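Student: Be aware that the sequence shown starts at 1, since it is given in the UniProt record's numbering, and climbs by one per residue. Glycine included, each C-beta is placed from N, C-alpha and C at the ideal position. Predicted model only: the values in this text are computed from it and were never measured.
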Amino acid sequence: MLQRERAARASDVHLYDYLKEEVGYRLADRVFDIKRKFRLAANLGCGRGYVSKHIVPESVEELIMCDLSPTWLEQAQCSGQISVQKKVVDEENLPFQPESLELVISSLSLHWVNDLPGAFAQILRSLKSDGVFMAAVFGGDTLFELRSSLQLAELERCGGIAPHISPFTEIRDIGSLLTRAGFTMLTVDTDEIVVDYPSMFELMWDVKGMGENNAARNRKLHLGRDTMFAAAAIYDHLYGREKEGRRGVPATFQIIYMLGWKPDSSQPKPLSRGSGEVSLKDLYRLDEVIQETKKMPLDDPDKKE
Numbered sequence: 001m002l003q004r005e006r007a008a009r010a011s012d013v014h015l016y017d018y019l020k021e022e023v024g025y026r027l028a029d030r031v032f033d034i035k036r037k038f039r040l041a042a043n044l045g046c047g048r049g050y051v052s053k054h055i056v057p058e059s060v061e062e063l064i065m066c067d068l069s070p071t072w073l074e075q076a077q078c079s080g081q082i083s084v085q086k087k088v089v090d091e092e093n094l095p096f097q098p099e100s101l102e103l104v105i106s107s108l109s110l111h112w113v114n115d116l117p118g119a120f121a122q123i124l125r126s127l128k129s130d131g132v133f134m135a136a137v138f139g140g141d142t143l144f145e146l147r148s149s150l151q152l153a154e155l156e157r158c159g160g161i162a163p164h165i166s167p168f169t170e171i172r173d174i175g176s177l178l179t180r181a182g183f184t185m186l187t188v189d190t191d192e193i194v195v196d197y198p199s200m201f202e203l204m205w206d207v208k209g210m211g212e213n214n215a216a217r218n219r220k221l222h223l224g225r226d227t228m229f230a231a232a233a234i235y236d237h238l239y240g241r242e243k244e245g246r247r248g249v250p251a252t253f254q255i256i257y258m259l260g261w262k263p264d265s266s267q268p269k270p271l272s273r274g275s276g277e278v279s280l281k282d283l284y285r286l287d288e289v290i291q292e293t294k295k296m297p298l299d300d301p302d303k304k305e
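1. Report, in whole angstroms, the separation of the C-beta atoms of residue 306 and Ala76, which I expect to be a contact under 8 angstroms.
2. Name the two residues that bound the continuous alpha helix (DSSP H) containing Arg246.
3. Write down the C-beta distance between Leu68 and Val88 rounded to the nearest angstrom, noting that I regard them as a contact closer than 8 angstroms.
4. Nearest CA to the CA of Leu101: which residue from Leu108, Thr184, Glu74 and Met65?
5. So Ala230 and Glu156 are supposed to be a Cβ contact under 8 angstroms. How far apart are they, rounded?
6. How many whole angstroms separate the CB atoms of Thr190 and Phe168, which I take to be in contact at a CB cut-off of 8 angstroms?
7. Helix or strand or just coil, what does DSSP make of Arg36?
8. Quick one: complete alpha helix (DSSP H) runs, 4+ long, within the segment 64 to 133?
9. Gly80 and His54 look like a contact to me (Cβ under 8 angstroms); what is the Cβ gap, rounded to whole Å?
10. Can you pull the DSSP bridge partners for Thr184?
11. For Glu192, which three-state DSSP category applies?
12. Please check the pair Leu103 and Gly131, which I expect to be a contact at CB under 8 angstroms, by giving their CB distance rounded to whole angstroms.
13. Determine the DSSP secondary structure at Leu44, reduced to helix, strand or coil.
14. Going by beta-carbon coordinates alone, are Ser59 and Val84 separated by less than 9 angstroms?
15. If Lys243 sits next to Asp206, beta carbons under 8 angstroms apart, how far is it from one beta carbon to the other, in whole angstroms?
Rendered as structure tokens:
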């Protein structure tokens, strides 16, 4: 909460929106791919409107924009053709009535939730039957270059390591968490956005400006000056590269996209076990069956077609 408010109140907050703007645009594009108009949707952790400003009226009729930071919520933008409500909401304590929403979206916010399974269960409960949940979160490989450089420097200078980057969800866990919550017809995929910075220090400054700096309770509050310079040197040595005549360091942001539906009787269901007409053990005969089919004589109606 404090990190979001501090970032939101900075006079240059717009300078650090580039990553969230890009992911928000990509998530909104995925909403548009669902050929349905949602009458009531909620955007959890809306920030400055990274997703909502790209939502078109063909997809959503009314949108509830939610964030824990009142300042970010005040700054949030949305398409002018959509009816909008703004609410200060904690993602771990949703205020929505059961089966009241048709769509819930969230972009780069749920990684701050302490009880992710509980949040998924609340989202499912708030959705109507056949409702959609779509989200993007940082994946476990996010900032792996920074994490490894800090660990190597701290191990060398201090003889041990402490967490300096907030923990992120692994892609292998997302599907099981959604299934356990009760979602069906899941889609989970990943994308990587690589951003180049002059050095490790500019990267850390931008991460702080985004409001994404480490908030773990067991974090080490101070890193020595020599450890920081050692980490920057290690970062440059391991990952630095020349680009357009300038040397810099890359930072990888892994984005996990997820989509789940609330169960409904109208949705397609898997066939019952044993109902298949072809056994998997006969797949080796596939070429043989195709060749036999080619040898079959055609009837006159087939020849006309």
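Tutor: In this structure, then:
1. In the structure displayed, the chain extends from 1 to 305; residue 306 sits before or after that span and is not available.
2. Note, Arg246: premise wrong, no alpha helix (DSSP H); beta strand (DSSP E) at Arg246 to Trp261.
3. Approximately 7 angstroms separates the beta-carbon atoms of Leu68 and Val88; this is inside 8 angstroms, confirming the contact.
4. Met65
5. 7 angstroms
6. With 8 angstroms as the limit, Thr190 and Phe168 do not qualify as a contact, their Cβ atoms being about 12 angstroms apart.
7. coil
8. The DSSP assignment places 70 to 75 and 116 to 126 as complete runs of the alpha helix (DSSP H) inside the segment 64 to 133, in order along the chain (cut-off: 4 residues).
9. Their Cβ separation, rounded to whole angstroms, is 13 angstroms, which puts Gly80 and His54 out of contact at 8 angstroms.
10. Trp261
11. DSSP places Glu192 in strand when its eight states are reduced to three.
12. 7 angstroms
13. In this structure, Leu44 counts as strand in the three-state DSSP scheme.
14. No, these two residues do not count as a Cβ contact at 9 angstroms.
15. Contact flag wrong, Cβ pair sits at about 17 angstroms.
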